[in-house]
Amino acid sequence: MENLTFAHMQEAAELVRSRHPSAPRFGIILGTGLGSLVNDMEVETTIGYEDIPHFPVSTVETHSGKLVFGKLGGKSVVVMQGRFHYYEGYSMQQVTFPVRVMKLLGIEKLFISNAAGGMNPNYKKSDLMIIQDHINLMPESPLRGKNLDELGGRFPDMSEPYQRALISQAQTIAQQHGIPCHTGVYVGVQGPNLETYAEYRWLRQMGADAVGMSTIPENLVAVHMGLPVFAVSVITDLAHPDHLEPVSIESVIAAAMAAEPRMKQLLTELIAAQ
Ligand code: HPA
């Protein structure tokens with residue numbers, strides 16, 4: 000598999016700048032069933048992933064792959080419509096390549112959404128959970144290998160993986176707009192299978208409120224680059240260990256779509272407040 004270097008990132012950023020010269024201030028990654036945020040944007044430029052050198056191309060039909068530039072909440076943003084998951088077979092370097100390119104394009108903060116299974120017994124389907132902290136159970140790190148000194152140091156500090164100021168701003172916005180919202184710990188697993196009863200019980204006992212298959216790799220490269228991160232999960236299925244029900248991708252997408260208006264409002268207001 001191609002070893003992605005700083006030069007590859009510069010090359011990708013160069014192509015993007017040739018199509019959209021002005022720098023976006025904020026990067027946004029949209030999760031499963033949450034792609035319609037772009038409908039609320041004033042879109043200026045759209046670039047298919049296949050046009051960007053070294054960008055992976057989406058393999059999951061539920062994710063359409065493009066970078067969308069424009070204004071959201073009056074601020075210039077770049078949205079990744081379609082993200083990459085480790086379970087699709089990409090290396091962690093590929094999964095996180097777009098985040099590194101967005102940083103080279105000039106983003107100041109990264110906003111991430113995802114779909115996750117809720118293990119906290121107080122959570123209901125389609126609830127939102129602001130990610131306060133995470134537990135990484137993924138089998139590989141995007142930071143493994145030769146350190147890219149151009150981007151950051153060898154041993155990133157993880158004392159504030161999700162920026163506290165953004166968390167409290169989002170909590171205030173949720174309160175002001177009557178958006179029900181939890182704040183909790185996300186545990187990241189490789190997938191693509193969902194968890195067994197025993198695994199959900201174990202994940203809950205280790206201190207996690209929700210479980211998913213994304214976000215942590217992107218978070219790690221962002222932290223490595225000194226990029227503040229905000230992330231929010233939509234609880235798409237209830238993994239309460241004692242009443243587990245079969246979960247289908249259709250039900251995950253339906254639950255994500257039901258939450259989408261609240262997710263969009265939260266993200267848009269939060270970005271408008273920056
Ligand atoms: N487990 C892991 N990942 C998920 C889940 C889940 O229950 N729901 C959505 N993504």
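Numbering of the sequence shown is given in numbering that gives the first Met the number 0, commencing with residue 0 and proceeding in unit increments. Yeah, the Cβ is synthetic: ideal placement off N, Cα and C, and Gly gets one too. Bear in mind the structure is a predicted one, so any value in this text is a computation, not a measurement.
Simplified DSSP state of D39, which is helix, strand or coil: Counting from one through the sequence shown, the residue named residue 39 turns up at place 40. Helix, per DSSP.
Where Q80 and R143 are concerned, what is the direct C-alpha to C-alpha distance, given to the nearest angstrom? As a working note, residue 80 is residue 81 in the sequence shown. As a working note, residue 143 is residue 144 in the sequence shown. Here the alpha carbon of Q80 sits roughly 26 angstroms from the alpha carbon of R143.
Assuming the contact rule is C-beta atoms closer than 8 angstroms, F83 and L3 should be a hit. Round their C-beta distance to whole Å, please. If you number the sequence shown from 1, residue 83 lands on position 84. If you number the sequence shown from 1, residue 3 lands on position 4. Not confirmed; about 12 angstroms, so no contact.
For the alpha helix (DSSP H) that S75 lies in, which residues bound it at each end? To locate residue 75, count along the sequence shown from 1; it is residue 76. Here S75 belongs to no alpha helix (DSSP H); instead the beta strand (DSSP E) covers 74 to 80.
Verify the contact flag: V184, CB atom, against every heavy atom of the ligand HPA, threshold strictly below 7 angstroms. In the sequence shown, counting from the first residue as 1, residue 184 sits at position 185. The answer is no for V184.
Hey, how far is the Cα of G206 from the Cα of S140? Here residue 206 corresponds to residue number 207 of the sequence shown, with the count starting at 1. Here residue 140 corresponds to residue number 141 of the sequence shown, with the count starting at 1. G206 and S140: Cα-Cα distance of roughly 21 angstroms.
Should R163 be labelled buried (16 or more other beta-carbon atoms within 10 Å of its own) or exposed? Stepping through the sequence shown from its first residue, residue 163 is reached at position 164. Taking a 10 Å sphere around the C-beta of R163, we find fewer than 16 other C-beta atoms and assign the residue as exposed.
Assuming I252 and T44 are in contact, meaning their beta carbons sit under 8 angstroms apart, how far apart are those beta carbons, in whole angstroms? Here the question's residue 252 lines up with position 253 in the sequence shown. Here the question's residue 44 lines up with position 45 in the sequence shown. In fact, because the Cβ distance is near 27 angstroms, the residues do not count as touching under 8 angstroms.
If we ignore side chains and look at the alpha-carbon of each, how far apart do Y122 and V220 end up? Working through the sequence shown from its first residue, we reach residue 122 at position 123. Working through the sequence shown from its first residue, we reach residue 220 at position 221. Y122 and V220: Cα-Cα distance of roughly 29 angstroms.
Give a single yes or no on whether M212 has its beta carbon closer than 7 angstroms to a heavy atom of the ligand HPA. On the sequence shown, position 213 is the one that residue 212 refers to. M212 Cβ: within cutoff of the ligand HPA.
Which same chain residues end up closer than 6 angstroms to K108 when comparing Cβ atoms and leaving out the 5 residues on each side of it in sequence? In the sequence shown, counting from the first residue as 1, residue 108 sits at position 109. Answer for K108: F25, P227, listed in chain order.
My parser needs the beta strand (DSSP E) runs of 3 or more residues fully inside the stretch 116 to 200; what are they? 127 to 135, 180 to 187
DSSP has S112 in a bridge; who is on the other side? Along the sequence shown, read from residue 1 onward, the residue named residue 112 stands at position 113. DSSP output for S112 lists V231 as bridge partner(s).
Going by DSSP, name the residue or residues bridged to L237. Counting from one through the sequence shown, the residue named residue 237 turns up at place 238. Under DSSP, L237 forms a beta bridge with G117.
Pick out whichever of Q92, M40, V76 has its Cα sitting closest to the Cα of H53. As a working note, residue 53 is residue 54 in the sequence shown. Nearest C-alpha to H53: Q92.
L103 and Q170 - do their beta-carbons sit closer together than 8 angstroms? Position 171 of the sequence shown holds residue 170. Position 104 of the sequence shown holds residue 103. No; because the gap between Cβ atoms is not below 8 angstroms, this pair is not in contact.
Select from F229, L269, S21 the residue whose C-alpha is nearest the C-alpha of G105. The residue you call residue 105 lines up with position 106 of the sequence shown. Nearest of F229, L269, S21 to G105, Cα basis: S21.
Where A238 and G187 are concerned, what is the direct C-alpha to C-alpha distance, given to the nearest angstrom? Translated into the one-based positions of the sequence shown, residue 238 becomes position 239. Translated into the one-based positions of the sequence shown, residue 187 becomes position 188. Computed Cα separation, rounded: 14 angstroms.
For the stretch 113 to 128 against the stretch 177 to 192, do three or more pairs of beta-carbon atoms, one drawn from each stretch, fall closer than 8 angstroms, so that the two count as touching? yes
So what's I27 in DSSP terms, helix, strand or just coil? Translated into positions along the sequence shown, residue 27 becomes position 28. In the structure shown, I27 sits in a strand (DSSP, three-state: E or B).
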